[in-house]
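Asks:
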Amino acid sequence: MVLAGIILVAALGFGWMKLRKNAIPEETKPISSAVVKAPDFEATAPKPTTEEHPPPVAEVPGSHPPESVPSPEPEIIPEPDPIDPIAWILDNPDLQPVETTLLKATRFPIIRNGKETGSAEVASGSILKVMNVEGKSLTATYRSSGVRRIGIQHTDLRERAVAAIRAAGIDAPIAPMEQVWEEPEPEEDVSEVEGLIASDRKRGRFVHPGLLHNEEDFKRMKAKKAFRPWKGGWEKMVNGRHADLNWKPRPTPVVVRGGPGENYADFYRDIATAYVCAVCWRVTGKKAYAEKSIEILNAWSSTLRELGGNYDKYLAAGIYGYEIANAAEIMRTYVGWKPEDFKRFQEMMLTIFYPMNKHFVDTHGDSPGKIDHFWPNWELCNLASMISIGVLCDERRIYNDAVRYMKRGDGPGAIKVAVYHIHPDGLGQWTEAARDQGHTMMGIGLMSVICEIAWKQGDDLYGYDDNRFLAACEYVAKYNLGGEVPFKKYVNSVQGTFTEPGGGSRGQKRPVWELPYNHYVKRMNLSAPWTAKMAENVRPEGGVGDYGPNSGGYDQLGFGTFTATEVTKKSATRGLR
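Start counting at 1 in the sequence shown, then tack on 4, and there's your number in our numbering.
If you want it as structure tokens, here you go:
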């Protein structure tokens, strides 16, 4: 039985093996039936490791992926602070709107011949010319009216200021207007001039002395008066007719220039003596010069009541205004000038000269619709007086008005209007060059005065609009030295059409070239070959009274070789803004 079981198992095993052999695919059958022996060495198991990844291999530069950095927290950008549009235009005066629309009918003073004669209502919707902005209020004028102070809420100035902010690419929110200026009752409403001399007037900080000459200038004059080229200019001044300690002033209540009763010669001769003696005092230290200058200034401030005549009276207000202010600015440092006398002099400048200066500039000489009725000299002399009065009387808004007008004014005294056109060769055509050369050089002298005063106070009008005034100096100097200059046709609504420079007085010598020469060449290291030649041609520069006995010989204070010559060329270290 057991044997039968063994035979059965063996048979089943043989059958299974036969079936297995036949089931293997042909390509997987062993090539040889030889037994493959195991290797002679003992196989070792791989060493255990705690790493889950293969060991590192050498890095190929640039092939290693960047390390993962945690994402930063989202940055919270704060909202920009709201902008007060009025404060913004005060900080950016060059972008301040020059016009505004009146939103409330308002009475404006009527000015005739430089005096207030009444008032008239200006309707809502009228366009006003902005003169000054003072935070909650502004001063403005309408056509040929006088100046009026108005609350900003009664104009669209705020909206215009916002437009200026947006035009400048600033997208900050606008602060609401929280406070307004309350207009005074009519009986309290005073004219601008009365307000200027009131006890609560706001004063600006100016450098004193700080018109044509400052302390640095006087130190240089004193140190260099015995050396060339200063010596020649000093001798012209100290030996001239106006360094006269026996001079007797001849003040009069009414100075008339233009028309019947002219008497203005006494005035400009007294001014010349006051100025020359003031400079001589600072250079020599002699008290007698100071006393003579003060005697003249006091005589006029205690006597003068009016500047009269035809429209030439505005020339008197401008030319003699800036000249006498320069004498007083020097003498303000003299301890012998009593405070009450100096205050009286300031009041004379604010109540007699300034209103006429401002009226002429604001109204272009009562010429609505004919802004070019008067040549540049008319506005320039009044602007020279305004900027001088602003410094002398510490009235920042008067000074600012003059500087702003030089940059952005629309009348012939503004820099871009007086320098009519810049030619491809870089020469700047002076508007009045179409008229004649005597008046053209007078304009060069007046603009130099304005630029120098501004420079002394830290404002660079010399360099305004890429040294536009220098381009004019080069144009005028070249033509008056016999050179040929280009000319762009000039059309004046009153004087007609001009196609070439006016040759009258060509080559005339006037004491106006040392100021621009010394600024552009000595201070700024700029090239000004024609201006340099013209200054050399006139050197040593004389002054008041040296270029004719009549008014034309007193249109400039002069003496620039002595008073304005810099020691050496140097880079500008001040004056730029």
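All residues carry an ideal CB built from backbone N, CA and C; glycine is no exception.
1. DSSP three-state call for N330: helix, strand or coil?
2. Which residues share a DSSP beta bridge with W434?
3. Secondary structure at T501, three-state DSSP: helix, strand or coil?
4. Distance check for P255 and T307, CA to CA, integer angstroms please.
5. Would you kindly work out how many angstroms separate the C-alpha atoms of T215 and H523, rounded to a whole number?
6. Consult DSSP for L107 and reduce its assignment to one of helix, strand or coil.
7. Anyone know if the C-beta pair for I87 and A168 falls short of 8 angstroms?
8. Tell me, please, whether the stretch 246-254 touches the stretch 493-513 by the rule of three or more beta-carbon pairs shorter than 8 angstroms.
9. With 16 other CB atoms within 10 Å as the buried threshold, where does D470 fall?
10. Does DSSP classify M181 as helix, strand or coil?
11. Could you compute how far the alpha carbon of V258 sits from the alpha carbon of T355?
12. Mind checking which residues open and close the alpha helix (DSSP H) that includes Y468?
13. Cα separation between K420 and A320?
14. Let me check understanding here. Comparing Cα to Cα, which of L465, P505, R439 lies closest to K411?
15. What residues in its chain sit with their C-beta under 8 angstroms from that of R336, if we drop five residues either side in the sequence?
16. On the DSSP letters alone, give me the boundaries of the alpha helix (DSSP H) that R412 sits inside.
17. Checking 8 angstroms against the spacing of the C-beta atoms, do G262 and G340 come in under that value?
18. State the beta-bridge partners of V211 as determined by DSSP.
19. If I follow the unbroken alpha helix (DSSP H) through I391, where does it start and stop?
20. Which first and last residues belong to the alpha helix (DSSP H) in which M353 is found?
21. Can you give me the C-alpha to C-alpha distance between D274 and Y268, rounded to a whole angstrom?
22. Measure the C-alpha to C-alpha separation of T565 and H368 and round it to an integer number of angstroms.
23. Cutting at 6 angstroms between CB atoms, please list the residues of its own chain near E266, excluding the five before and the five after it.
24. What residues in its chain sit with their C-beta under 8 angstroms from that of S130, if we drop five residues either side in the sequence?
25. Which residues in the same chain as P416 place their Cβ atom closer than 7 angstroms to its Cβ, once the five residues preceding and following it in sequence are excluded?
26. Among residues of its own chain, excluding the 5 on either side of Y324, which ones have a beta-carbon nearer than 7 angstroms to its beta-carbon?
27. Take Y403 as the anchor and find which of K229, D429, I454 has the nearest alpha-carbon.
Replies: Let me spell this out:
1. helix
2. V423
3. strand
4. 6 angstroms
5. Per the sequence shown, the amino acid found at residue 215 is Leu instead of Thr. If you take the alpha carbons of L215 and H523, they lie about 15 angstroms apart.
6. coil
7. no
8. no
9. exposed
10. coil
11. 14 angstroms
12. 468-484
13. 25 angstroms
14. L465
15. H212, P213, F346, L396
16. 400-412
17. no
18. Its beta-bridge partners do not exist; DSSP assigns none.
19. 380-396
20. M353 -> no alpha helix (DSSP H), and no H or E assigned at all.
21. 10 angstroms
22. 34 angstroms
23. V260
24. T105, L106, Y146
25. D376, F378, W379, P380, E383, A422, T435
26. F271, Y272, I275
27. I454
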